Amino acid sequence: MSDKEQCTLDSSQAKKINLPNAENKNNQIKLTFKSRSENVALARLLASAIVSERDMTLAELDEIKVAVSEAVSNAIIHGYQNDRECWVEMSMELTDNELIITIHDDGVGIEDIEEAMKPHFSQDQDRMGLGFAFMHSFMDKVEVASIPKCGTTVTLTKKLS
Amino acid sequence: MEIISKLKKYQNKEWLYLQPKGELDMACADEFKETIIEGLHKSGSRMLWLDFSQITFIDSSGLGVILGRYRELEPMGGKIIITHPHEQVYRLLTASGLHRIIDIDKPVSVKYTKEGM
Chain A
164 MSDKEQCTLD
174 SSQAKKINLP
184 NAENKNNQIK
194 LTFKSRSENV
204 ALARLLASAI
214 VSERDMTLAE
224 LDEIKVAVSE
234 AVSNAIIHGY
244 QNDRECWVEM
254 SMELTDNELI
264 ITIHDDGVGI
274 EDIEEAMKPH
284 FSQDQDRMGL
294 GFAFMHSFMD
304 KVEVASIPKC
314 GTTVTLTKKL
324 S
Chain B
6 MEIISKLKKY
16 QNKEWLYLQP
26 KGELDMACAD
36 EFKETIIEGL
46 HKSGSRMLWL
56 DFSQITFIDS
66 SGLGVILGRY
76 RELEPMGGKI
86 IITHPHEQVY
96 RLLTASGLHR
106 IIDIDKPVSV
116 KYTKEGM
């Protein structure tokens, strides 16, 4: 999809958290799946499953599912421009009081993150441009790292009571 | 996506009544959109009644389809109503601001179990 030769940084350097850590006692999951719309449901189901051992309200579970759905949809629609043969990487870490989810794509990247995060940035009349707004309202922290032509990593953090 | 489609009389008007079932995300947004467009075209109606009693999840892809239809129907004097949304779905409908332009029923409280997550 993207022209790897043009990447000035390896995509892993864009990531806010690095999961491999031998001394980390927290449970971690890493999943790579094809950039296909049918995998969005799988991603949000996995996110809600990893916190199922914690005492979560249905509203909180749904907030996590919506945020993951938006981040993965963005990766497929915007990052990969609906190319079904690319890979989306999802990592999750469950700490004592937080769930940290990263969604990474090696797609086109975002030129202007601030602009992309504004509601109704989308030009298509059938798209609401509310993806980032939902992530912000339903998660406690949203971080976006992106390199044009290299990819985007969205890190979603939810505090667990 | 399973979608029940009927024509129903309500308030002296003929409505295209649709009851989609399942999770309304980007995987079925196009199918949902095509079903609405085709149903409106075949019936000639500009009144769209969405029964959301069987919708268990919605995100901005699903909401976008509704907004897109509103933008098409509204200038033609058409209308959209949404009935029986689950609480979680209702929350998204209000968070998106759609409740300000579309008539939406009060949410239906649904008891979930952890297995039904």
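Note that the protein sequences, when read in sequence, are chains A and B. Here the numbering used here is used: the first sequence runs in plain steps of one and ends on residue 324. Here the numbering used here is used: the second sequence runs in plain steps of one and ends on residue 122. For every residue, glycine included, the Cβ atom is placed at its ideal position computed from N, Cα and C. Computed from a prediction, not measured in an experiment: that's the story for all the values here.
Helix, strand or coil: how does DSSP classify residue i here?
i                 : result
Thr118 of chain B : In this prediction, Thr118 of chain B scores a pLDDT of 46, lower than 50, which makes its location untrustworthy; the coordinate-derived value is nonetheless stated afterwards. Residue state, collapsed to three classes: coil.
Thr220 of chain A : coil
Leu293 of chain A : coil
Met253 of chain A : strand
Ser324 of chain A : coil
Ile276 of chain A : helix
Gly270 of chain A : coil
Quick one: residues in its chain with C-beta nearer than 6 Å to the C-beta of residue i, no 5 flanking neighbours on either side, listed in chain order?
i                 : result
Val214 of chain A : Leu262
Glu226 of chain A : Phe301
Ala234 of chain A : Ile266, Val317
Leu194 of chain A : Met253
Gly27 of chain B  : Met6
Met280 of chain A : Phe295
If you measure from the beta carbon of residue i to each beta carbon in chain B, is any gap under 8 Å?
i                 : result
Lys228 of chain A : yes
Ala222 of chain A : yes
Phe297 of chain A : yes
Using a C-beta to C-beta distance shorter than 9 Å, which residues of chain A count as neighbours of residue i?
i                : result
Met31 of chain B : Ser200, Val203, Ser232, Val235, Ser236, Ile239, Ile240
Quick one: does residue i have its CB under 8 Å from some CB of chain A?
i                : result
Gly73 of chain B : yes
Phe37 of chain B : no
Leu97 of chain B : yes
Glu28 of chain B : yes
Using a Cβ-Cβ cut-off of 8 Å (strictly less than) and excluding sequence neighbours within five positions of residue i, which residues of its own chain qualify?
i                 : result
Gly73 of chain B  : Lys38
Glu120 of chain B : Residue placement at Glu120 of chain B is poorly supported in this model, since its pLDDT is 43, which falls under 50; the coordinates still yield a value, given next. Excluding sequence neighbours, Glu120 of chain B sits near nothing in its chain.
Can you pull the chain B residues whose beta carbon is under 8 Å from the beta carbon of residue i, in chain order?
i                 : result
Met291 of chain A : Ser65, Leu68, Gly69, Leu72, Ser101
Ser300 of chain A : Ala100
Counting only Cβ pairs nearer than 8 Å, list the residues of chain A close to residue i.
i                : result
Phe57 of chain B : Under the 8 Å cutoff, chain A gives no residues; its nearest Cβ is about 15 Å from Phe57 of chain B.
So residue i contacts chain B; which residues on that side make the cut at Cβ distance below 7 Å?
i                 : result
Gly294 of chain A : Ser65
Asp225 of chain A : Gln93
Can you find the residues in the same chain that come closer than 7 Å, C-beta to C-beta, to residue i, ignoring five residues on each side of it along the sequence?
i                 : result
Asp303 of chain A : Thr320, Lys321, Lys322
Gln16 of chain B  : none
Met31 of chain B  : Ser66
Met5 of chain B   : Here chain B comprises residues numbered 6 to 122, so residue 5 of chain B is not present and cannot be evaluated.
Return yes when at least one heavy atom of the ligand FAD lies under 7 Å from the C-beta of residue i, else no.
i                 : result
Ala234 of chain A : In the structure on display, the ligand FAD does not appear, and there are no ligands present to speak of.
Every unbroken beta strand (DSSP E) inside the region 27-115 of chain B [3 residues or more] = 52-56, 60-63, 84-88
task = Give, in chain order, every unbroken run of the alpha helix (DSSP H) that is at least 4 residues long and sits entirely within the region 186-239 of chain A.
result = 201-213, 221-237
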